[in-house]
Amino acid sequence: MNNVIINGSLEQPAFIFAHGAGAGMEHPFMEFIAQYLEKKGICVIRFDFPYMIKQKELNKRRPPDRSPKLLEAYEAVIEKYARPDGIVIGGKSMGGRMASLLEDNKQVKAVACLGFPFHPPGKPENFKGKHLEMFRKKGLILQGERDTFGNRKELELMSLSDQITVRFLKDGDHSFKPRKASGLSEEQNLSEAAEMLATFILEAYRA
Numbered sequence: 003m004n005n006v007i008i009n010g011s012l013e014q015p016a017f018i019f020a021h022g023a024g025a026g027m028e029h030p031f032m033e034f035i036a037q038y039l040e041k042k043g044i045c046v047i048r049f050d051f052p053y054m055i056k057q058k059e060l061n062k063r064r065p066p067d068r069s070p071k072l073l074e075a076y077e078a079v080i081e082k083y084a085r086p087d088g089i090v091i092g093g094k095s096m097g098g099r100m101a102s103l104l105e106d107n108k109q110v111k112a113v114a115c116l117g118f119p120f121h122p123p124g125k126p127e128n129f130k131g132k133h134l135e136m137f138r139k140k141g142l143i144l145q146g147e148r149d150t151f152g153n154r155k156e157l158e159l160m161s162l163s164d165q166i167t168v169r170f171l172k173d174g175d176h177s178f179k180p181r182k183a184s185g186l187s188e189e190q191n192l193s194e195a196a197e198m199l200a201t202f203i204l205e206a207y208r209a
């Protein structure tokens, strides 16, 4: 696969990390998390969904593919890189939601979602997290406290599976960026998120 970036060795615990709807695998958010995890001894496998590959070829923005095509592309990456003992998968926003829909894949050990898009901003009625109520594998959701796709107050009222752990990034938006008044920096929140993610991935391989 030419549309893949691998940080680390495939002999290490591995994490497939899918991008969000508006930016590809080389986005600074993706790069920061991948490099942090690599330093923790985790191999990170990033890839571009088909529409993003086309977008880069044409240098013209394109809407995301429909879910079936996204899921098919994700499963192809799992099939290529999963080891006999399975693999941990996840993603940023849309990529994380797609990963969560692949829970039933026998090669998936656990799923991590960074900024889960529970609903479009301002449209809580368009809820996209119903399946998380019945999640059976270990899951991690890292969410900014003021994420417009699902903030802390909303998540604390949701009925999520006991298998899912939710952690919040203080004053973070959809990409965990805090406001200046919070006294925190974007790098602090990203580092905290990456640390929690690394712990989750390594524990999944030890289980």
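For what it's worth, our numbering labels the leading residue of the sequence shown as 3, then goes sequentially. Positions of the beta carbon are idealized from the N, C-alpha and C atoms, including for glycine. Because the structure is a prediction, the values reported are computed rather than measured.
Short Cβ contact (8 Å threshold) for Pro119 with Arg99: Cβ atoms of Pro119 and Arg99: closer than 8 Å.
Under 8 Å between C-beta atoms of Arg48 and Phe19: It is a contact, given that the beta carbons lie within the stated cut-off.
Top-ranked residue by Cα proximity to Met27, from Lys41, Lys42, Asn9: Closest in alpha carbon position to Met27, among Lys41, Lys42, Asn9, is Asn9.
For Arg154, three-class secondary structure by DSSP: Three-state DSSP puts Arg154 in a helix.
Cβ-based neighbour list, Gly22, same chain, cut-off 7 Å, excluding 5 preceding and 5 following: The residues are Lys94, Ser95, Met96, Gly97.
Arg48: first and last residue of the uninterrupted beta strand (DSSP E) it sits in: First-last of the beta strand (DSSP E) with Arg48: 45 to 49.
Same chain, Cβ closer than 7 Å to Phe31, five either side skipped, listed in chain order: Answer for Phe31: Lys94, Ser177, listed in chain order.
For Arg169: DSSP bridge partner residues: Paired residues: Leu144.
C-alpha distance - Tyr53 paired with Leu162, whole-angstrom precision: Taking the straight line joining both Cα atoms gives about 31 Å.
Run of the alpha helix (DSSP H) containing Ala78, from where it starts to where it stops: For Ala78, the uninterrupted alpha helix (DSSP H) run begins and ends at 69 to 83, by DSSP.
Helix, strand or coil at Ala112 according to DSSP, with G and I counted as helix: In the structure shown, Ala112 sits in a strand (DSSP, three-state: E or B).
Helix, strand or coil at Gly174 [DSSP, three-state]: Here DSSP, grouped into helix, strand and coil, assigns Gly174 to coil.
8 Å Cβ cutoff, Pro123 in contact with chain B: Absent from the structure: chain B. Only one protein chain is present.
Proximity of Ile91 and Ala75 at Cβ, strictly below 8 Å: The Cβ atoms of Ile91 and Ala75 lie no closer than 8 Å to each other.
Candidates His121, Arg148, Ala114, Ser187, of which the one nearest Met198 by Cα: Ranking the options by Cα distance to Met198, first place goes to Ala114.
Contact belief for Ala195 with Leu116 at Cβ below 8 Å, rounded distance in angstroms: Indeed they touch by this definition, with Cβ atoms about 7 Å apart.
Selection from Pro66, Ala16, Val46, Lys139 that minimises the alpha carbon distance to Ala25: Among Pro66, Ala16, Val46, Lys139, the Cα nearest to that of Ala25 is on Pro66.
Supposed contact pair Lys155 and Ala206 - C-beta distance, whole angstroms, cut 8 Å: About 29 Å separates the two Cβ atoms, so there is no contact after all.
Beta carbon of Ile143 nearer than 8 Å to that of Val110: Cβ atoms of Ile143 and Val110: not closer than 8 Å.
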